[in-house]
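A short write-up of the structure that comes next.
Chains as they are written, first to last, in our numbering: chain A, 159 to 469; chain B, 141 to 311; chain C, 54 to 243; chain D, 69 to 460; chain E, 8 to 627.
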């Protein structure tokens, strides 16, 4: 009985995350279009794109790992999603360890890189090079931000951090975590692949880099992965820095849950909007400049936050 | 006149050439093909800094190619044409390269070689693929005796749009 | 397996509303692509966007005249695209040569070499005309008549023969190897 | 159908070929033509890590043989052909061909036609610069600026459309003047408004692109040419002005109304990609200023083309034997035409000198050596390489 | 009567000597495998004994010196590492060893390691330490003289440091055995708390600590004493390197633990704590942190497959040192856990490297590529190893790394935490470089006939890969053993779960949900269109046709941007500094080598004995 309940819950979370993730992708496109003074596509456009990609009638492969890398990327993203507390409904929130989630949010990229590299395309190789160095660059401020959180709250459980914020106020209201949040937000820019850190795909330079060989269903799965990852990353940020949401004001648990989801959705959208606005007004760094940038200001900010939190 | 002075000065340094002023800011020289390098050296010393283009004109009637080196002097604000003539037979149409005087000439020479078959001796990139693709041996499309319509019909296998009898067609 | 025919209308709708264009500016029509993508005409309304990777693109816009050198790349890029794929030729030149009807270096009938679904007349076709052509191709996808990719598969020998006649047998290898001597000359560099 | 690398190798070995990768220290990267950063143009890069070791430009994808085709078409018909050489600003080939032809004919074109031509050329320059800003910002990744630039360019397109009847290929300047008159005064007012509008939007581009910290980091010290190198390679236009040579055809070899107009020739000394970009940015401002002056001046009265009975029968229009060279300043550089006539109704030889042939092949190949792969599009864009005028 | 401890220690050496004497192919391999398997079997058997009694002890008196040996939980864990990885390495050597010389010294070094782990007095610790160093030095010498010289010089440095430290201790304590030494230092600590005179002054204590740190740091490959490791690890039989890096470097780690056991209390009271972590441990931890970063960055920039993993070893040892340095019970457990997982995945990696080199004969990345198609089994093993090293749940690498992260960050050490994060990312970076260059991309045509791994190597890899997976999904197995060392439940939870109170990790749930996720993805994948296999030449090349003549893979300088970003730091090389010093030391070293490390076991032993006697006399 419990297994069925868990499975049902997981399915609901997955569907919700996928749907909202696609909506986020649509929002990104629409808002970007509005900044460009265009109408932009309908909000459900990413869903159509994905259906189209999945319904392609021919597809290529470069070997087993080319297929498995993609599947692994989506699987790992689903795995990461299950650990992030979504109000009161997540499955494995008791195990939602900060460090575990940080790792889990990174490993889908490893799957994509495996698949991309196995195609043997030099552009994909260049993309992998850039993706890995971006990962390396963001890791320092990201690490300090996570350290700051862990030290501030004395626990690594995301859920406990969320609960602590319900009584203590949002994380960003305290100075060390505000610094950490600023650094983490800069890191998110690279995680979303928005300018000035869309170095990995850089269509004008290396023709989408790692994605260049994916087509048809491979790209379709990657779109789904991207949607879920978008949802998971914004959710994680809202949870650890923006107070998450655990609403118990209403009598009915269903209404509570819905209210929680709405509050979370608002916070996630806010995180997304910041990323879009930053992305719209900056050119792209080159990879070495990005590394130098991340190792300078965000690292200093996040390290300051971590040290303050440790004192 | 300013242009006249320039021409006289250059002709003094290069007596083998002929020169005249065409109009304001336009001068013109004619040199024998074998002295072209010396003459361009003279021009460069007289501050004709830019080489704009090497034009080949195929004078079918005379059996000669006319090579026109289009030069521009930023100092004198004057355009100079340096004309020289070489035979148009493919094996005789050879010129010394002026790449060492004007490096830009390398590209223009490749261009002239590709379309007219003028061989510039000393230019390493002469045989390097340039604009034309899958060139048939000895076929230089900008020569006057190149049968364009025949070539098009042969290559692209279309016959419908050509009026065979009209030799002097207009579109 | 699931009978996907049931979902075919949905797929057709998605294909119609999400045409990704190969970013290959083959001719002068490329100059009208930025206006089409930007605020005055905004093709993204219809879910179209340019995509540098042919593997995930659906629509190949032949923007203008095609020279043999470009045609080789067009064929290679076209074959990289996954089915179903659509080709829209832009302007009169791919149709019959246009102003280059007697040019020695322009392809006269593009549809001899790759199947073309829609041709827009004009030189240069206005963005409105291009949008009309796109509308047309959307209609054709809906009706199922945009079947150039099927024709290419079925009549592969025909297209292959025409390509080989124009470029000569083994043109891919020949074209690829052309640059090797010039890339290898290490001694010359020094 | 399973094709694997092993099968390819086996097949090759059966054919007696031993396939070996060329050079394992470096790898080959084909940059274009099917690439967002190059218009139909290809560069073969030999790469080491992310640095370019050797670059070979591979032009010719757009070669249609205009110079040959022009020999088969009557004098005026060639206008409809030759303007396709430079797609972003097709008025320039029209103007040079017309000017060269007029020089052979010995015609002086009426003042009104001169005013219109100058205006059209300047409008073309502004629209080409806006197009270039779009290209640059797309390559740099600041798509907003590019989208806006393309949108503002549309206003000029609309003006062109009213004036000439076409958006892109205007076929407007003909030997002897222009094809038709200015439609009405409203057009002039619109031109004035548009110029003001675009001028008001320039600060936006400054914020987004030209004064942006990241742009500076991306473009500073990239693709540096010095004065001597630029002169030796025949570089012209903004590219040579960015190295400190104040060479502008509009000043050096004045044509049309330019002697009467007041404008500056911006010159920078650094010679890197940033300097080239900034020179173009300043020139855009100057061009808008010129357009303002032209609108202020107003079109002089009189005919808009030479009144000549021969123009009645254009297919039989003959030009006396002779040759002439004419050039104008385009946004890419010194755009020249050399026209030879043998007295028939068709030119004997037309040679177009595109500016990109100088900076798009040899200069590009040399500037790319040692550049990062991310710099390749930036260098390409900062040189403002226009493949069709290389290929013709 | 021969004690089982003696069998554990000397069985490999005996087998090695036998293999050396009976230089017959087939027999020597068999003998060697038996020689490596016997200690393992005895260790497994000892597990049950240890369940009932705290330790197994044994001592022999030899010419006045009393050599004591002990097997308790800590040394059992380390000996098991040696047993498993050593056995796998010996299996691997069946395929790669060229002659009996290698068998002798490989097995001799195994003996040395066992001796170090089981020693209970300083003198036998030192002697076995030197046996281990000598044997591994001989293994390197056979392949590359220059690399061996570097190794030799630093080993001698370490050996003398240790010898002097032992001498000082002996001079004051008058005994060698760990128990007495530990007791003396404990009493000293008590005295210093009470303010009375101590046996060892503060400076002497610092000196001993520093000397031991140098000695063990050399073996572990700690920054800035790591310079020997890349050369020595790469310039030897790669199957042996599995043991060299997997086990021998753990001797250094074990040494650090010995510092804790012997001097820990005194040092802690003398220099105080930061939080729950001792101050002196900070030195170790920060050296470890710097080692992670330096080793990782240099690993990413290598062009040689062996060098990459050599530097990677250095980087991973850094994690262990961080864990040890932080010095809480949890962090030490985490460090030992990571020592286990490092031995497992790095042993696996070096066996993979051995396979690749054995089959292709190439070591440079630029000569490889596209081997995944040709060596599927090896690639599968490499996949496990990569995921494990990169710290991808649910493999063992993640569990141990996670423990270190939690232990360090929970102690409020922000800078170390940042270093650890950087280290995990740099792990991704160099692994991708390895993956891309070796397994994927265009295959040079001369590698087209490459065969998969030979059976012994495949079995060896299989053992290690299996353990990687098992200990990852069920991390509680290892945690349970580690808890026994401290005698209390520091890491709670079931065999699937690690529960620290402030953080939880469940390997089973992760596995289940990963499988669920992958199944969902696979369903979507299999509903899509059929796939068609295309060769590497049929890819996006901006529209251009290519053939196999072109080089399409970034074979060299893959991380050139990183190199350029770090150009300033890369200019500072400790290796070069040492080389400059070494240029004038070299002549001396050459002389020394001629007389001392000349391969003559006897002379070496005599020499050591003489030094010991002199020191002992001087001390007294």
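All residues carry an ideal CB built from backbone N, CA and C; glycine is no exception.
Boundaries (first-last residue) of the alpha helix (DSSP H) holding residue i
i             : result
residue 178/A : 160-193
residue 312/E : 312-333
residue 534/E : 514-534
First and last residue of the uninterrupted beta strand (DSSP E) at residue i
i             : result
residue 98/D  : 95-99
residue 162/C : No beta strand (DSSP E) holds residue 162/C; DSSP gives it neither H nor E.
residue 452/D : Looking at the DSSP string, residue 452/D is not in any beta strand (DSSP E), and its letter there is neither H nor E.
residue 211/B : 204-213
residue 199/B : 190-199
residue 116/D : 110-116
residue 122/D : 119-126
For residue i, the nearest candidate out of the options (CA to CA)
i             : options                    : result
residue 206/E : 37/E, 484/E, 180/E         : 180/E
residue 40/E  : 93/E, 379/E, 388/E         : 93/E
residue 343/D : 181/D, 332/D, 395/D, 286/D : 286/D
residue 493/E : 338/E, 364/E, 474/E        : 338/E
residue 99/E  : 125/E, 324/E, 323/E, 37/E  : 37/E
residue 89/E  : 568/E, 63/E, 139/E, 65/E   : 139/E
residue 58/E  : 490/E, 565/E, 156/E        : 490/E
residue 472/E : 554/E, 350/E, 378/E        : 350/E
Outcome for residue i when other beta-carbon atoms lying within 10 angstroms are tallied against a minimum of 16
i             : result
residue 579/E : exposed
residue 576/E : exposed
residue 32/E  : exposed
residue 188/C : exposed
residue 381/D : exposed
residue 127/C : buried
residue 310/B : Low local confidence applies: a pLDDT of 45 at residue 310/B is under 50, so the model's placement there is unreliable, and no value is given.
residue 251/D : exposed
Using a Cβ-Cβ cutoff of 7 Å, what residues of the stretch 112-131 of chain D are near chain E? List them in chain order. 116, 117, 118, 119
Residues of the stretch 427-454 of chain A with a CB closer than 7 Å to any CB of chain C: list them in chain order, please. Correct list: empty, as no residue qualifies.
Members of the stretch 169-197 of chain A that neighbour chain C once the beta carbon cut-off is set at 7 Å: Of all residues in the stretch 169-197 of chain A, those with a C-beta nearer than 7 Å to a C-beta of chain C are 191, 194, 195, 196, 197, reading in chain order.
Alpha helix (DSSP H) segments (min. 4 residues) lying fully within the stretch 240-290 of chain D: 253-273, 281-287
Give me the subset of the stretch 341-361 of chain A whose CB atoms are less than 9 Å from a CB atom of chain D, sorted by chain position. 353, 354, 356, 357, 360, 361
Cβ-based contacts, 9 Å cut-off: residues of the stretch 268-281 of chain B near chain D: Correct list: 268, 269, 270, 271, 272, 273, 281.
Cβ-based contacts, 7 Å cut-off: residues of the stretch 93-125 of chain C near chain B: 121, 122
Using a Cβ-Cβ cut-off of less than 9 Å, list which residues of the stretch 516-549 of chain E approach chain D; keep chain order. 539, 540, 541, 542, 543, 544, 545, 547, 548, 549
What residues from the stretch 361-372 of chain A come within 7 Å of chain D, judged by C-beta to C-beta, listed N to C? 361, 362, 363, 364, 365
Near-chain E residues of the stretch 69-83 of chain C (beta-carbon distance less than 8 Å), N- to C-terminal order: 77
Restricting to runs no shorter than 3 residues, where is the beta strand (DSSP E) found entirely within the stretch 221-293 of chain B? Residue ranges of uninterrupted beta strand (DSSP E) with 3 or more members, entirely inside the stretch 221-293 of chain B and ordered along the chain, are 234-236, 259-261.
Any C-beta of chain E within less than 7 Å: which residues of the stretch 217-231 of chain C qualify? 225, 226, 228, 229, 230
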